[in-house]
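Residue numbers for the sequence shown follow the working numbering, so the first one is 14 and each next one is one higher.
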Amino acid sequence: MKIRHYFIAGLAFIVFVGLCAYFIYPEDLSIHIWGMQSELTLPLAVWIIITLGVFFVLTLLFLTTNSIATQIHSYRGKKDFEHLLTQIQNQMLDINHSDLSFKLPAYQTLSKALQRCHITPILTSPESGNAKFDHLIKDLEQISNGVFLKTNIQYPKDTHFWNLNTQNKIASDLKFAREVLNGDYQETLQEKALDTLFHSQLDAKAIQKITASEYSPTITQKLIAHLLEGGFKIPLDQLQKLILKAKFSTQAMIALLGKLNTNYPPDSCLHLLENLAPHSPNIKVAYVYLLLEYSMFQKAQEYLHTEECEELLWAQAFLDLKEANKHYPLSLFFKFS
């Protein structure tokens with residue numbers, strides 16, 4: 014029962030009982046009050062009203078106190094519930110939530126239990142009924158579907174949804190893609206930016222600007238692949254610098270030879286690899302492989318005499334067997350190099 018209703022009902026009851034008592038027994042009643050030398054004489058109805066009034070005030074105080082305590086508990090519960098939802102959102106977005114505090118022990122325990130879990134949103138699940146939370150899930154669903162969203166939520170950098178939203182912006186904004194490519198971003202995002210730019214039909218000036226910038230070896234490898242796959246014939250001296258920066262593995266260098274042969278004539282490929290060979294053992298292997306692939310066995314033999322290293326033993330074995338009229342596929346020897 015609400016206090017207001019109890020107050021009205023209580024007053025009505027006291028007045029009703031007092032009136033009934035007055036009409037039934039209108040005489041006065043004298044009562045000796047402790048601490049007083051004389052007696053206090055009042056109508057019986059008044060004594061009944063006073064007694065009921067004292068009881069009413071005491072019960073009213075009890076109900077008021079209980080109501081205030083209930084409201085405080087309810088307020089704390091609502092705040093803790095909001096904090097718990099915030100914690101769930103933060104954990105979904107990998108946001109630090111160590112500053113959240115809870116008043117109710119049950120929520121505090123639940124919070125600590127959730128901190129030991131990894132929370133992944135089910136984006137296609139039914140709505141929860143909490144507008145703020147459902148709006149967040151809807152935003153995350155749009156981001157996952159490739160839509161770039163400008164949002165007030167501060168996603169921590171390099172987290173899952175931050176990366177997704179950044180990739181979406183890269184795909185929709187070429188200017189931003191160039192910023193990412195030349196900025197302090199993860200290599201996966203820079204690869205996305207590079208893919209987006211090369212799929213946007215770059216002109217010669219844009220290609221020149223991209224190739225003149227400094228990148229990590231991984232991004233440089235991707236750049237070279239895009240240049241060769243797209244048929245962009247940049248000057249050999251510039252390509253040479255890029256290959257040195259790319260730090261290709263031996264296997265990757267051998268794979269690169271096929272793309273080089275598609276874009277440049279054999280003489281240019283040989284000249285390029287010959288200039289690069291002194292700078293990397295992996296490129297030395299690729300250079301000898303290219304000589305053998307072009308059937309330039311004499312030149313390969315001469316090079317092996319000047320470059321004695323374990324990485325090239327396979328090539329010497331190939332030439333020795335060939336001289337003995339035993340022919341094997343070149344790729345077979347390279348697998349064991």
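Ideal Cβ placement from N, Cα and C applies to all residues, glycine included.
Since this is a predicted model, take the numbers as computed values, not measurements.
Cβ-based burial, residue i [other Cβ within 10 Å; buried from 16]
| i | result |
| --- | --- |
| Leu240 | buried |
| Thr209 | buried |
| Ala126 | exposed |
| Phe29 | exposed |
| Trp47 | exposed |
| Asp197 | exposed |
| Ala190 | buried |
| Lys339 | exposed |
| Ile156 | buried |
| Phe349 | Because the pLDDT at Phe349 is just 46, under 50, the model does not fix this residue reliably, and the value given afterwards should be weighed accordingly. Its Cβ having fewer than 16 others within 10 Å, Phe349 is exposed. |
| Thr78 | exposed |
| Gln128 | exposed |
| Gln84 | exposed |
| Leu305 | buried |
| Gln203 | buried |
| Leu252 | buried |
| Ala268 | exposed |
| Leu328 | Correcting the residue type first, residue 328 is Ala in the shown sequence and not Leu. Per the 10 Å Cβ criterion, buried. |
| Gln234 | buried |
For residue j and residue i, believed in contact at Cβ under 8 angstroms, the rounded distance
| i | j | result |
| --- | --- | --- |
| Asn356 | Ser262 | Any question about residue 356 goes unanswered here, given that the chain covers just 14 to 350. |
| Leu257 | Ile232 | Not a contact, Cβ separation roughly 14 angstroms. |
| Leu153 | Pro134 | 6 angstroms |
| Phe20 | Leu73 | 7 angstroms |
| Gln180 | Lys151 | Gln180 to Lys151, Cβ: 19 angstroms. No contact. |
| Leu98 | Asn143 | 7 angstroms |
| Pro279 | Tyr307 | 6 angstroms |
| Gly31 | Phe69 | Gly31 to Phe69, Cβ: 12 angstroms. No contact. |
Cβ pair residue i, residue j closer than 9 angstroms
| i | j | result |
| --- | --- | --- |
| His96 | Tyr120 | yes |
| Leu283 | Met266 | no |
| Lys188 | Phe161 | no |
| Leu325 | Leu303 | no |
| Ala400 | Ile61 | No answer is possible for residue 400: the residues shown for the chain start at 14 and end at 350. |
| Ile247 | Thr275 | no |
| Thr201 | Asn176 | yes |
| Tyr316 | Val301 | yes |
| Lys260 | Ala238 | no |
| Gln100 | Ser138 | no |
| Cys130 | Gln104 | yes |
| Leu334 | Gln314 | no |
| Tyr228 | Leu215 | no |
| Gly66 | Ile37 | no |
| Arg89 | Leu106 | no |
| Asp93 | Phe75 | no |
| Ser281 | Leu255 | no |
| Ile44 | Thr54 | yes |
| Ser226 | Leu194 | yes |
| Phe388 | Gly243 | No information on residue 388 is available, as it lies outside the stretch 14 to 350 that the chain covers here. |
| Ala290 | Glu336 | no |
| Ile16 | Ser80 | yes |
Extent of the continuous beta strand (DSSP E) to which residue i belongs
| i | result |
| --- | --- |
| Thr172 | No beta strand (DSSP E) contains Thr172, which DSSP labels as neither H nor E. |
For residue i, the first and last residue of its enclosing alpha helix (DSSP H)
| i | result |
| --- | --- |
| Thr83 | Leu57 to Met105 |
| Leu252 | Leu249 to Ala259 |
| Cys282 | Pro279 to Leu289 |
| Gly271 | Thr263 to Asn276 |
| Pro294 | Pro294 to Glu306 |
| Ala144 | Ala144 to Ser157 |
| Glu192 | Leu187 to Asn195 |
| Glu227 | Taken as a continuous stretch (DSSP letters only), Glu227 belongs to no alpha helix (DSSP H), as it is neither H nor E. |
| Gly23 | Ile16 to Ile37 |
| Lys205 | Glu200 to Phe211 |
| Phe331 | Leu326 to Glu336 |
| Tyr316 | Phe310 to Thr319 |
| Pro118 | Pro118 to Gln128 |
Residue-chain proximity (residue i, chain D), Cβ-Cβ < 9 angstroms
| i | result |
| --- | --- |
| Lys246 | Protein chain content of the structure displayed is limited to a single chain, and chain D is not contained in it. |
Determine, using beta-carbon pairs with one atom in the region 142–149 and one in the region 168–184, whether at least three such pairs fall under 8 angstroms. Here the region 142–149 does not lie against the region 168–184, with fewer than 3 beta-carbon pairs under 8 angstroms apart.
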